[in-house]
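Using the working numbering, the letters of the sequence shown correspond one by one to residues 16 to 1228.
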Amino acid sequence: MGMDFSTLRTLISRYCAGEENYVDSRTIYIGQREPPPGTEAFIQQRFPDNRIVSSKYTFWNFIPKNMFEQFRRVANFYFLIIFLVQLIIDTPTSPITSGLPLFFVITVTAIKQGYEDWLRHKADNAVNQCPVHVVQRGKVVRKQSRKLRVGDVVYIKENETFPCDLILLSSSREDGTCFVTTASLDGESSHKTYYAVQDTKAYTAEEDVDSIHATIECEQPQPDLYKFVGRINIYMENEPVARPLGSENLLLRGATLKNTEYVYAVAIYTGMETKMALNYQSKSQKRSAVEKSMNAYLVVYLCILISKALINTALKYVWQANPNRDEPWYNERTEVERQRHVLIRALTDFLAFMVLFNYIIPVSMYVTVEMQKFLGSYFIMWDDEMLDEELGERAVVNTSDLNEELGQVEYVFTDKTGTLTENNMEFIECCVDGHVYVPHAICNGQVMPGASSMDMIDTSPGPGAREHEELFFRALCLCHTVQVKEEETVDSIKHGIHQGRSTSFYISSSPDEVALVEGMKRLGFTYLRLKDGQMEILNREDEIERFELLEVLTFDSVRRRMSVIVRADTGEVYLFCKGADSSIFPRVVSGKVDQVKARVEHNAVEGLRTLCVAYRPLSPEQYQEVCHLLSGAKLALQDRDKRLAEAYDVIEKDLILLGATAVEDRLQEKAADTIESLHKAGMKVWVLTGDKMETAAATCYASRLFHRNTQILELTTKRTEEQSLHDVLFDLSRTVLRQHGTMTRDSLSGLSGDCPDYGLIIDGATLSAVMRPGQEDSNSGNYKEIFLEICRNCSAVLCCRMAPLQKAQIVKLIKASKEHPITLAIGDGANDVSMILEAHVGIGIMGKEGRQAVRNSDYAIPKFKHLKKILLVHGHYYYIRISELVQYFFYKNVCFIFPQFLYQFFCGFSQQPLYDTAYLTLYNISFTSLPILLYSLIEQHINMDILKKDPSLYRDIAKNSLLRWPIFIYWTVLGVYDAIVMFFGAYFLFDNTTFTSNGQLMTTNTQMMFGNWTFGTLVFTVLVFTVTFKLALDTHYWTWINHFVIWGSLIFFVVFSLLWGGIIWPFLNYQRMYYVFMQMLSSGPAWLSIILLITASLLPDVVKKVIWRALWPTTTERIQNADKLYKGQLSEFTPLASLHAPPKSGSHRRGSENQRNAPNPRRSENLSKKIMYTRWQRAPDYCTFTPLLRFSDGSRQSKQSHSYSGAGPETSV
């Protein structure tokens, strides 16, 4: 709510002051000190405190806000109206029958949602009450984080998290720098360097900092993490000195101080105005697709109910138009009723019929669904396969309202760092002039001990190559921005000098650089330190070499390379350059380009991150020219970046190629397997990351999101600088649609050779341009549509350099597209919170980057690999169970109420109930609710192992397939048919009646006492047995609990009926059911008719299922049949691919599916293939299976058809 009020306040202040007087900036007085007199007017602005609010309710608004949200549900609002009608007018049934279930539903839901919000309050309080250190009157004092104000000077120690957005004033380091990790903001866990204000960096004590007299002018809060504009005015002898402030001076809330003892900084944005908070999405109630279907069905049944009530009301007045049928003599109306206006009487009758037929709308369904969701969520929490022993954490369910949505996911949006990867770089190899060096395996042409199992490459350099090799190692030891930490405290033990060598710990803004420097250390060249402008290296002979660092040409994503200029002890000047192969090779004039290029391509295919290294010796004249170029560009006030880029372009040319490196970003365990399974299940996976494009693309190859045959399409800043955005978009659109015209990829025939696999890469800046409404170009309005069309035709999409809010915008864009797909977002840091809140289902990973993602998610899992089971198994089961529950509830209520409707035609439309009040009340609560609740908790239509091994089964339930209108109509028609059979079957049994000697009516064909309660009880008995048997027929997974509940509920009905009618209950005024049930059961023909009517009701559904299973079986039904055949051993032996239905014309899978499914072998994995021998009745058949139990030639069926009848024993060879 803080965000909303601040926006409102901003708008009000704008309009009160007048738009022309409004300045979009703020003035902050450091330490709350007034500026010297006469310099400027002191106007203290009001800023919010430092509280963070992630909860939805407060103590005061919980009841009204929660009630409003609950009564937005169609069913709840409808039952409230019915309850009020029953209170106001005289109706056939008691108000308690509607009021009590409604009260129960509202209360249970409110308690559940209140508890969930209380947990959020608790987490917020833990953050807001966290202690911070503030400088006041020359001393450091402790206060709670929430009491921090804008302008306070904060003292932060190493490894502490910044409590708000701060400007760095000074640090413990002499150069005024500090190192920070922003992992919880943008996912990068590497160390970044921030700089103190030049004029204040010398103030390193509390008294000095407290004496600073300055004001800061900066922009109002905005969510861009990478942008900040401001200036600081420092008053020295009452004369202000202005210094510019940029993002390099801004320490963001949520980031952590590293490798710096302490810093002093001033708070500029607090609470909900911090950049982290502005990147949070506001919380909104998420509703599942199943709930939307339920509401749609409810509207249909409401229309049926109203039409029933209208028909009965109209027919009642038609019936009573005849004076003889007005009212029977024993039910004479009072004079007041006769005098009442006909419209009022008609309205009263209409409402009475509405109440009588009200049970067609199943209020108990909502109670059962709430219980099913709540109890079902425990199966995720109890799942031992989703327990991470290393963390000691289990999966967590924060909201159980979306369980079934896990079975409907079409798009998965995942973060990269910490979600797909462990963010753990490892140096794999380097190649110098075509010779490969692997640390601890092959070095200097010699095979190291323990490396005998590796693939050997001819790695013997000639004598002249030794110099080149050492130059390459020196280049990697010098061309970087790595910082060295001499000692590290690990478990309170200081690690320092070890065996005469410094045990150095490297930190850098790029984890690749650390991996490369550590790799060189393992190959014999150790980078020691940068001291007084001198870079020191320890070579193989344990000699220290010193190089003077002259210039650093920093890395940027457009150039995709970085360089350093150094002077050796001998006085020679070198330019060392490293970067992506695409940016180095065009600038190389000599070197073994072909050999190095071949090795780079080989490593790229293996999913390794590659960099090329080159150098250029500089003569004194060339160096002077370089210095002149760089100094001119650095001093430029306008277009500085452009002039620097031009200078770099001139300097980095005529290079001599040295070699290339290969680094592996360790993926999380089974991350590639999980992504592959999600693809096979029909989901599209998008990676949204704040990381660099090259890094992210390498991870996408390693995790099998992109494959070697994937054609990469780039929609990046680099490309839009060369062409207009309009041209780039239309070029890409033409490329992806060229092969298949207007058809989408999902509807193509699966010819792998003819249909290339596309992958799209887009960066944050270009995305902003795509999303921005066009000004000058009339065609730019449909940029979003073109972008979506391109994305739809790409098998995978990578979005890099994304701000947290942009991640949410991407998710929102896909959600709002014309197909309205179900989306899932998964991440582990605070930078992922926005997309987690925006997606239909949000999953947090319990990573190393704090708990913000877990706190704001719907589900939390320990590792990315657990996503496979939570979707393919739990999601599948939840959806199957709840869709049966919903359809079954509507079916059994049609069966229940339609006889009541038919009965009105035989009782003069007098609103006479067919069933006794006890039966009306208990039908949904006791007699039929427990079996379906249990079914919806434990049903397993397919073995769990099969669901994991064959992800394509997930496609069978995609797009809400089990709750589509044809299936809903089938269940409704079945309910109407059963109701007609029950009512008229019982009616014809009572067809011939005669008076007995004592004046009672008795049926001649059944010798049973005849009365309306006997008739109603007979119909009700058939009804309860029929709907329970129907559920038993639909159950595939039988346990003793099923048997106990299904047969137990039938026994309970019989026992209750015997007791209800067999005893005279003293608390009842009248007992119309006395002895009715026993008297009915005493008649033999009644027993026979009950059995016949149950059989007649169930027969059509059974016949339909048998015929459909035989002629048009679904994949699920094929696997069920095969599983029965193999007595539950299907998951161990049977090739599941052969059980899939042959694809229909026009609905083949994506053309690149075969390539996608083909495993991409990597250095760290040996793909084992099991050879299974399966003996059928016919000749033996040998098949080779991959671990996913597919045929070895991809997902195509074997030409030879297998007979599944009477399989013999299987033997594994």
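Where is the CB? At the ideal position from N, CA and C, for every residue including glycine. This one's a predicted model, so the numbers in the text were calculated from it and none came from an experiment.
How far does the beta strand (DSSP E) with G774 in it reach, from first residue to last?
Residues D772 to D778.
As an exercise, report each continuous alpha helix (DSSP H) stretch of at least 4 residues that is fully enclosed by the region 640-718, in chain order.
655-666, 686-695 and 708-717
Output the boundary residues of the beta strand (DSSP E) element that contains G582.
The sequence shown places Arg at residue 582, not Gly. Where R582 is concerned, the enclosing beta strand (DSSP E) stretches over R576 to R582.
Between which residues of its own chain and T275 is the CB-CB distance below 7 Å, once the five residues before and five after are set aside?
E173, S186, S187, R188, C193 and F194
If we count the other Cβ atoms within 10 Å of its Cβ and call it buried at 16 or more, is I1105 buried or exposed?
buried
Can you say whether A854 is buried or exposed, counting buried as having 16 or more other CB atoms within 10 angstroms of its CB?
buried
Could you please give the first and the last residue of the uninterrupted beta strand (DSSP E) stretch that includes P255?
E254 to L260
Taking just the CA atoms, how far does L564 sit from M550?
7 Å
Kindly indicate the opening and closing residues of the beta strand (DSSP E) around Y170.
V168 to K172
Put H356 into one of helix, strand or coil per three-state DSSP.
coil
Is there a Cβ from chain D that is less than 9 Å from the Cβ of Y985?
Considering every chain present, this structure includes no chain D. It has just one protein chain.
Under 8 Å by Cβ, that's how I've got I283 and C318 pegged, so tell me the actual separation to the nearest angstrom.
So it is not a contact: roughly 59 Å between Cβ atoms.
So what does DSSP say about E1168, is it helix, strand or coil?
Confidence is the limiting factor: at E1168 the pLDDT is only 40, short of 50, which leaves the residue's position unreliable and the question unanswerable from this model.
Around the C-beta of I776, are 16 or more other C-beta atoms found within 10 angstroms, so that it is buried, or is it exposed?
buried
If distances are taken between C-alpha atoms only, which option among S634, R61 and Y218 comes closest to G166?
R61
Report yes if the CB atom of M396 is closer than 9 Å to the CB atom of V382, and no otherwise.
no
Mark T122 as exposed unless 16 or more other C-beta atoms lie within 10 angstroms of its C-beta, in which case mark it buried.
Classified as exposed, T122 has fewer than 16 neighbouring CB atoms from the shown chains inside 10 Å of its CB.
What residues are listed by DSSP as bridge partners for H148?
R157 and Y170
Alpha carbon to alpha carbon, how far is S1146 from N958?
Because the pLDDT at S1146 is just 46, under 50, the model does not fix this residue reliably, and the value given afterwards should be weighed accordingly. If I take the Cα positions, the gap works out to 8 Å.
Excluding the five sequence neighbours on either side, which residues of its own chain have a C-beta within less than 7 Å of the C-beta of D364, listed in chain order?
T328 and K331
Between which two residues does the beta strand (DSSP E) carrying G842 extend?
T838 to G842
Quick check on the burial criterion: 16 or more other C-beta atoms within 10 angstroms. Buried or exposed for S783?
exposed
From what residue to what residue does the alpha helix (DSSP H) around S392 run?
Looking at the DSSP string, the run of the alpha helix (DSSP H) that includes S392 is V378 to M396.
List the endpoints of the continuous alpha helix (DSSP H) containing D547.
If you look at D547, you'll find it isn't in any alpha helix (DSSP H); DSSP assigns it neither H nor E.
Taking 8 Å as the threshold, find out whether the region 254-261 comes into contact with the region 306-313 through three or more Cβ pairs.
By the criterion of at least three beta-carbon pairs nearer than 8 Å, the region 254-261 is not in contact with the region 306-313.
If you draw a straight line from the C-alpha of F428 to the C-alpha of I1134, how long is it?
31 Å
Quick check: the region 204-217 against the region 174-184, are at least 3 beta-carbon pairs closer than 8 Å?
Taking a cut-off of 8 Å for Cβ pairs, the region 174-184 and the region 204-217 touch, as three or more such pairs fall below it.
In the DSSP assignment, find the alpha helix (DSSP H) that holds V826 and state where it starts and stops.
P819 to K830
For Y250, which of helix, strand or coil comes out of DSSP?
strand
Just to confirm before moving on: does the CB-CB distance between F177 and R246 stay below 9 Å?
no
Flag this pair as yes or no: are the beta carbons of V384 and L900 separated by less than 9 Å?
yes
Determine the DSSP secondary structure at G859, reduced to helix, strand or coil.
strand
Under a three-way DSSP split, which group does I104 fall into?
coil
In angstroms, rounded to a whole number, what distance separates the CA positions of Y279 and S40?
23 Å
In angstroms with no decimal places, state the Cα-to-Cα distance between V996 and T1110.
10 Å
Can you have a look at W980 and say buried or exposed, based on whether 16 or more other CB atoms are within 10 angstroms of its CB?
Classification of W980: exposed, given that the 10 Å Cβ count is below 16.
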